[in-house]
Amino acid sequence: MDTFLQQLVNGLTAGSVYAVVALGYTMVYGIIQLINFAHGEVVMIGAMVAFTVINLLVPSGLPPLAIVLIGAGCAVPICMLVGYGMERLAYRPLRHAPRLAPLITAIGVSIILQHVALMIWSRNILAFPQIIPSRTYFVGGAAITTVQIAILAICLTLMASLAILVYRTPLGTAMRATAQNAQVAGLMGIDINRVIAVTFIIGAGLGAVAGVLYGTYYGIAQYTMGSVLGLKAFSAAVLGGIGNIPGAMLGGVLLGLVEALGAGYIGDFTDLCRWGLPLDACAGGGNFILFGSNYQDVFAFVVLILVLVFRPQGLLGERVGDRA
Amino acid sequence: LKHYFDTRDKPWLIWVGFALIGLSLALLPFALAQVGTTWVRITNYAILYVLLALGLNIVVGFAGLLDLGYIAFYAVGAYTYALLASPQFNLHLPFWIILPVGAAVAAFFGLILGAPTLKLRGDYLAIVTLGFGEIIRIFLNNLSRPVNITNGPQGIARIDPFTLDGFSFGSYQSFLGLEFSGPIKYYYLLLAVALGIIVVNMRLQNSRVGRAWEAIREDEIAARAMGIDTRNLKLLAFAMGASFGGVAGGMFSAIQGFISPESFVLVESIMVVCMVVLGGMGNIWGVILGALLLSFVPEILRWTVTPVQEALFGRMLVEPEVIRMLLFGLALVLVMLYRPAGLLPSAVRKRELEEHVA
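Residue numbers (the working numbering), protein chains in the order written: chain P, 1 to 324; chain C, 1 to 358.
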């Protein structure tokens with residue numbers, strides 16, 4: 001039971017970060033049907049900028065919380081700029097090109113961003129400064145840290161505000177209209193280019209925050225961190241039904257939970273000795289584990305594939321017609 | 001001059017052209033060996049990428065199924081070869097048995113990937129294939145415990161080179177006064193396989209199957225309404241593309257003599273997709289051009305970036321690897337911005353694009 005609660009807490013924390021990153025993918029996809037492969041890199045840049053700013057400010061003697069907030073405050077606008085820049089330069093000119101063309105530019109942008117980051121921040125794994133004093137609380141046998149609570153709270157706030165923005169404001173209405181039918185939305189007086197740019201900017205801003213949270217949670221940052229994180233977040237977005245905002249949130253949290261619980265239990269479940277097989281290795285309380293927690297990354301994808309096989313439009317996605 | 005090269009008047013001119021191309025391809029490794037054996041090796045890897053890109057072209061270019069985990073089949077072929085011809089299990093089967101086995105195993109994996117994903121389309125398919133590629137890699141990385149199959153991240157070493165009746169492709173030999181090093185022999189072998197696969201691709205494109213794939217790519221529902229068995233044909237595309245990847249993987253194993261999961265990371269899949277799209281999806285010559293460009297240009301940059309920097313600034317400012325990747329990323333973006341259908345677009349794509357503009 002302890003493992004279960006503990007993995008639940010860890011899974012929720014990681015999952016809410018995935019969810020915030022997944023929102024960036026799903027918003028862009030919903031509006032222009034593009035897999036923004038470079039979104040993971042935006043998250044990485046957010047973490048890196050925050051890393052630099054926090055390290056610069058640590059000697060200043062400001063309160064730790066203020067330093068982290070300033071760090072995030074610098075990361076968000078920079079990432080927004082990066083997000084806007086790539087939309088403008090790499091995606092907008094290709095809006096009517098064959099579908100794979102923007103995918104390739106996205107990969108190109110991702111490679112460029114990664115290597116620019118490599119030039120600035122070196123290829124080392126950077127220790128993300130842990131300046132917020134962390135306290136650990138015990139709830140029913142599971143340890144939960146203040147950082148985890150903060151991450152959960154921030155992610156929930158972000159998701160709630162995004163939901164309000166998309167479903168309750170004129171800008172959100174314009175975004176949803178553009179997503180449904182850009183041409184008609186344009187005829188109704190919506191500046192499509194502006195709406196798409198704003199979508200990229202909001203997604204990048206969310207990504208920046210997620211990057212800071214990720215860095216704070218795992219304590220490390222590296223120029224390659226964006227690709228795995230991006231991959232998982234994108235899986236989360238597809239899991240929930242790509243283009244669907246509540247879907248991305250659900251997908252992210254589910255993916256985090258599946259991963260954490262899977263990693264926590266797979267070793268026990270695939271221990272052949274546990275199932276009473278008479279193997280040499282089992283003698284004297286030994287074990288014969290087929291799949292250990294090093295298969296953690298497989299879970300995300302296995303679950304994704306299973307969900308898509310049985311529900312090809314994702315958990316919350318609507319079944320769209322095959323041809324418009 | 002145009003009249004001079006007009007092949008309609010002089011059909012024999014085509015054969016002269018073929019002979020010239022054949023001659024230069026035959027002499028190429030010796031010219032490259034003058035620069036350095038490294039370049040022969042680089043050429044060999046470039047041909048391997050051509051094989052991969054042509055295999056992926058069947059799936060992506062012909063049938064229109066975006067596969068972002070294609071390198072998994074390369075890995076399956078490579079590991080099949082490595083396990084059956086290395087000290088790992090102390091098996092040393094001859095290559096003409098293993099290569100077909102590798103192709104068959106890879107095709108089987110292609111079916112495993114294809115069967116559950118038949119209903120998926122577009123980006124959903126892309127992410128599932130991507131996940132599939134990662135799953136294969138993670139398994140290769142971890143199947144060293146509790147039973148050691150793949151030797152984990154250390155990889156498998158001392159893989160047998162191709163040998164045929166005492167004639168080893170791996171070793172140095174002198175013949176007719178010419179010096180045949182290992183890489184040069186593999187070059188000819190690879191070239192022969194590549195030519196075979198090019199011919200298969202060309203014949204496929206205009207066959208009944210190829211036309212059916214094209215129909216599926218353009219409009220799956222219409223294709224089914226026309227009586228095309230979309231299920232079997234999509235599976236066939238996956239299996240056939242995968243088997244090409246498997247053959248390439250087996251050859252990679254033998255040439256390299258050592259493989260580890262690190263050779264089969266996601267970036268490699270993406271690289272092959274870039275080759276196909278950059279060159280011009282669906283057009284065999286475009287795909288070959290894309291594969292050759294993306295394998296040679298980075299290598300050339302690797303050898304020129306350092307001297308150029310030293311000449312300009314007096315010292316090395318940025319690592320060559322970084323510049324290489326930056327230029328690569330930039331090239332992807334620029335080519336797509338100015339030639340969204342690829343460098344040599346297929347006739348069908350070109351038509352589509354023009355229609356869209358009109």
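Positions of the beta carbon are idealized from the N, C-alpha and C atoms, including for glycine.
- When the five nearest sequence neighbours on each side are left out, the beta carbons in the same chain lying within less than 6 Å of the beta carbon of M27 of chain P are those of T199, G203, in order along the chain.
- Counting only runs that start and end inside the stretch 101-149 of chain P, the beta strand (DSSP E) elements of at least 3 residues fall at 136-139, 142-145.
- Using a Cβ-Cβ cut-off of 7 Å, G108 of chain P counts as an interface residue toward chain C, since at least one Cβ of chain C sits closer than that to its own.
- Chain P has a Cβ within less than 7 Å of the Cβ of L120 of chain C.
- Excluding its 5 nearest sequence neighbours in each direction, M44 of chain P has C-beta neighbours in its own chain below 7 Å: A117, G211, Y223, M225, G226, listed in chain order.
- For I288 of chain C, the closest of C:T163, C:A331, C:A53, C:T38 by C-alpha to C-alpha distance is C:A53.
- Assigned with DSSP and collapsed to three states, S207 of chain C falls in coil, not helix or strand.
- Contiguous alpha helix (DSSP H) elements confined to the stretch 46-99 of chain P occur at 64-86, taking only those with 4 or more residues.
- Cβ proximity to chain C below 7 Å picks out I35 from the stretch 11-36 of chain P.
- Secondary structure at F89 of chain C: coil, using DSSP grouped into helix, strand and coil.
- T270 of chain P has a beta carbon lying at 7 Å or more from every beta carbon in chain C.
- Not a single C-beta of chain P is nearer than 7 Å to the C-beta of I71 of chain C.
- Around the beta carbon of I120 of chain P, fewer than 16 other beta carbons lie within 10 angstroms, which makes this residue exposed.
- For A237 of chain P, the enclosing alpha helix (DSSP H) starts and ends at 225-240.
- Scanning C:G280, C:A82, C:A248 for the CA closest to the CA of H92 of chain C turns up C:A82.
- Residue contact check for G329 of chain C against chain P: a CB pair falls below 7 Å.
- Going by beta carbons, P64 of chain P and I131 of chain P fall inside the 7 Å limit.
- Burial is judged here by how many other beta carbons sit within 10 angstroms of a residue's own beta carbon; E268 of chain C has at least 16 and is buried.
- The Cβ atoms of T80 of chain C and V59 of chain C do not sit closer than 7 Å to each other.
- For I104 of chain P, at least one C-beta of chain C is nearer than 7 Å to its own C-beta.
- I97 of chain C sits exposed, since fewer than 16 C-beta atoms from the chains shown fall within 10 Å of its C-beta.
- Scanning its chain for C-beta atoms nearer than 7 Å, with the 5 sequence neighbours on each side dropped, one finds around W213 of chain C the residues F62, A63, L233, A237, in chain order.
- Rounded to the nearest whole angstrom, the CA to CA distance from Q154 of chain C to A263 of chain P is 23 Å.
- Contact with chain P is found for N142 of chain C, since one of that chain's Cβ atoms lies less than 7 Å from the residue's Cβ.
- Taking C-alpha positions only, V40 of chain C is separated from S161 of chain P by approximately 58 Å.
- Non-local C-beta neighbours of M159 of chain P in its own chain, meaning closer than 6 Å and more than five positions away in sequence, comprise M249, ordered along the chain.
- Membership of S295 of chain C in the alpha helix (DSSP H) is indicated by the continuous run 284-313.
- Listed in chain order, the non-local C-beta contacts of I201 of chain P below 7 Å within the same chain comprise M80, G83, Y84, local neighbours out to five positions each way being set aside.
- For I138 of chain C, the chain P residues whose Cβ falls inside 7 Å of its Cβ are Y295, D297, V298, in order along the chain.
- Burial is judged here by how many other beta carbons sit within 10 angstroms of a residue's own beta carbon; D271 of chain P has at least 16 and is buried.
- Neighbourhood of L304 of chain P in chain C, by CB distance below 9 Å: I127, V128, G131, in chain order.
- Close to M119 of chain P, with beta-carbon spacing below 9 Å, are these residues of chain C in chain order: V318, E319, V322, L326.
- When Cβ-Cβ separations below 7 Å define contact, P98 of chain P makes contact with chain C.
- With 16 or more other Cβ atoms from the protein chains shown falling within 10 Å of its own Cβ, F252 of chain C counts as buried.
- In the structure shown, I305 of chain P adopts helical secondary structure according to DSSP, grouped into three states.
- With the criterion set as a beta carbon lying under 9 Å from some beta carbon of chain P, the members of the stretch 236-270 of chain C are L266, V267, I270, in sequence order.
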